[in-house]
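In this note's numbering, each residue carries its 1-based index in the sequence shown increased by 1006. We put the beta carbon where it would ideally sit given N, CA and C, even for glycine. This structure is a prediction, so every number in the text was calculated from the model and none was measured.
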Amino acid sequence: MPHSEQRALCGPVPALLVALPLAALLGAVIGVAWVVGYTLLGLTVEDRVVRGRRAGDVGTRLAARGGR
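Right, here's the structure in full:
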């Protein structure tokens, strides 16, 4: 492999070594926040039917915003 091609392939590696662990950490934190949010939603709504409707409403609103 010529020297210029080798440099072109190695250029993004340091950035990936930083970006991939940060992306994994961010994904884990967002996943925990998602579970905690739905758990709190379920705990704060008394009636079982209303709880399901409220969870569906929140899911629909998040999907409409592109959050899921």
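query	result
Do you know how far the Cα of residue 1030 is from the Cα of residue 1045?	23 Å
Got a sec? Which residues, its chain only, sit under 7 Å from residue 1057 by beta carbon, not counting five neighbours each side?	1048, 1051
Sorted by chain position, which residues of the same chain lie with C-beta nearer than 8 Å to residue 1060's C-beta, five sequence neighbours on each side aside?	1047, 1051
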